[in-house]
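Read the structure below first, then the notes.
Numbering (the working numbering), first residue to last: 637 to 771.
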């Protein structure tokens, strides 16, 4: 699991990446203003696992696993510290999760709208029947 915190031009954002074999799950959290170290630590302790567990979408990608020279590993760590963005696989996973939630919102909004229309229709019919009864 990896947490990358970066400034996207407007807000400070944290992207969580979790590899499960050759599948990647990713989630995004907006910190807002620049987070202090203790804010990031609290996020990791309280919200990070819940947030990644809620993410249902994943992207298939292959990771090459082989033993890495310690010096190369140190260079890679320094390079990742300089890197500002997140992996494209993580971006794809976040996008899929966003699209899934958008579809769920649309379905629930449509159901609410239909229920409201049915309720209005029933009230209209009831009102007409009462008028015909002569009351």
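We put the beta carbon where it would ideally sit given N, CA and C, even for glycine.
Alpha carbon to alpha carbon, how far is residue j from residue i? Give it in angstroms, no decimals.
i: residue 655; j: residue 716; result: 17 Å
i: residue 686; j: residue 755; result: 38 Å
i: residue 667; j: residue 726; result: 18 Å
i: residue 788; j: residue 703; result: One cannot answer for residue 788 here, as it falls past the ends of the chain, which runs 637 to 771.
i: residue 683; j: residue 763; result: 51 Å
i: residue 769; j: residue 740; result: 44 Å
i: residue 753; j: residue 746; result: 10 Å
i: residue 677; j: residue 640; result: 13 Å
i: residue 706; j: residue 714; result: 12 Å
i: residue 760; j: residue 744; result: 24 Å
i: residue 758; j: residue 765; result: 11 Å
i: residue 675; j: residue 669; result: 11 Å
i: residue 751; j: residue 742; result: 14 Å
Looking at the secondary structure, which residues open and close the beta strand (DSSP E) in which residue i lies?
i: residue 641; result: 638-643
i: residue 659; result: 659-668
i: residue 654; result: 648-656
Less than 6 Å between C-beta atoms, sequence neighbours within five positions excluded: which residues of the same chain meet that for residue i?
i: residue 691; result: 661, 663, 733
i: residue 807; result: In the structure as shown, the chain begins at 637 and stops at 771. Residue 807 is therefore absent and cannot be evaluated.
i: residue 647; result: 666, 668
State yes or no: is the C-beta of residue i within less than 8 Å of the C-beta of residue j?
i: residue 645; j: residue 679; result: no
i: residue 672; j: residue 653; result: no
Alpha helix (DSSP H) containing residue i: first to last residue?
i: residue 681; result: 673-682
Which residues in the same chain have their Cβ closer than 7 Å to the Cβ of residue i, if we skip the five residues on either side of it in sequence?
i: residue 696; result: 658, 659
i: residue 728; result: 695
i: residue 681; result: none
Whole runs of the alpha helix (DSSP H) within the stretch 688-766, excluding any shorter than 4 residues: DSSP runs (the alpha helix (DSSP H)) wholly in the stretch 688-766: 706-718.
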